[in-house]
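Residue numbers (the UniProt record's numbering): 1 to 230. Virtual Cβ for every residue (Gly too), placed ideally from N, Cα, C. This one's a predicted model, so the numbers in the text were calculated from it and none came from an experiment. Beneath this line is the structure, given in structure tokens, with notes to follow.
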Amino acid sequence: MNAPNARASERSEKSKDAGVLVIGLGRFGSSLAMTLDRLGQDVLAIERSPALVAHFSDRLPIVEADASNPEALDQVGAKDFSIAVVGVGTSLEASVLITGNLVDLGTPQIWAKAVSAEHGRILQRIGAHHVVFPESDAGNRVAHLVSGKLLDYIEIEDGFTIVKMRPPKETQGFTIGQSKVSERYGVTIIGVKSPGQEFVYAGNETCISSNDLLVVSGHSDLLERFAARP
């Protein structure tokens, strides 16, 4: 294991109880680590590739180490972190070994990237608390956007989804109460953004115009049906 950079050394002198350990600085791991760092979260990154360590050394607190080796994790003080994210996905063996090492350390929250359903099941079985599918989730989101009906799409859990969309013609010029969207389509308009105005939470008396943007929640199937209205 190579010596940590200056920011990583400073990081190691602080309490790590609320910190996040990010292992693997591919596209997913590096984006996550830099966003957390920008938000002021206490982050330490571990990467075994010397080239990636050199690339990110002036952007993140980083240590060059092989996290599939339990001794390397012990040397960086991984057991002191309350949250660890395993961003390694291309090597199934490395992903599983690293996650298993974190489980053995008793890390309270382990987030692990998976590249397939089978990979995700293995990670869950060995003790990962949260498994994420970045490529699958991104593909699912984009698939709902390419039709042009939806401007943004976030699936929360079990089909419950929040979308940003333009209002169907049948709602334009009417209040939410008058258009009876909830009764007719089973979805809820939770906010309205008019051009040049602040976002407002929607109520029955909120009037919708053709230029507004709607924030709507509900099951994905019902939202697709509502968004398909002319």
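Go through its chain and collect everything with a Cβ distance to residue i's Cβ below 6 Å, but skip five positions before and after it.
| i | result |
| --- | --- |
| I176 | I189, A202, N204 and T206 |
| P168 | R229 |
| A227 | K149, L150 and M165 |
| L102 | A84 and I110 |
| E155 | T161 |
| V131 | A112, A114, G120, L123 and Q124 |
So the candidates are the options; which of them puts its Cα closest to the Cα of residue i?
| i | options | result |
| --- | --- | --- |
| P61 | D158, T161 and G19 | G19 |
| R27 | R229, L52 and Q172 | L52 |
| V163 | H119, H129, A138 and S217 | S217 |
| S91 | P50, E224 and A114 | A114 |
| V215 | R225, G191 and N140 | G191 |
| V43 | I23, P70, E135 and E157 | I23 |
Span of the beta strand (DSSP E) holding residue i?
| i | result |
| --- | --- |
| I110 | Q109 to K113 |
| G218 | L213 to H219 |
| E47 | V43 to E47 |
| G177 | Looking at the DSSP string, G177 is not in any beta strand (DSSP E); the run it does join, the alpha helix (DSSP H), is I176 to S179. |
| L150 | L150 to E157 |
| I190 | T188 to K193 |
Specify, as a first and last residue, the run of the alpha helix (DSSP H) that residue i falls within.
| i | result |
| --- | --- |
| D104 | L92 to L105 |
| D137 | P134 to L145 |
| L73 | P70 to Q75 |
| I126 | A117 to I126 |
| L32 | R27 to R38 |
| F56 | P50 to F56 |
Determine whether the beta carbon atoms of residue i and residue j lie at a separation below 8 Å.
| i | j | result |
| --- | --- | --- |
| I46 | V76 | yes |
| A78 | L36 | no |
| I110 | A128 | yes |
| G100 | G29 | no |
| residue 232 | G159 | In the structure as shown, the chain starts at 1 and stops at 230, and residue 232 therefore has no counterpart that could be examined. |
| S182 | E170 | no |
Got a sec? Which residues, its chain only, sit under 8 Å from residue i by beta carbon, not counting five neighbours each side?
| i | result |
| --- | --- |
| L222 | Y185, G186 and V187 |
Apart from the five residues just before and just after residue i, which ones in its own chain have a Cβ nearer than 7 Å to its Cβ?
| i | result |
| --- | --- |
| E13 | In this prediction, E13 has a pLDDT of 48, which is less than 50 and means its spatial position is unreliable; what the coordinates show is noted afterwards. Cβ neighbours of E13 beyond the five flanking positions: none. |
| L73 | A67, N101 and L105 |
| A33 | V22, L25, V43, A45 and L60 |
Would you list the residues sitting across from residue i in a DSSP beta bridge?
| i | result |
| --- | --- |
| I62 | A45 |
| I23 | I46 and V86 |
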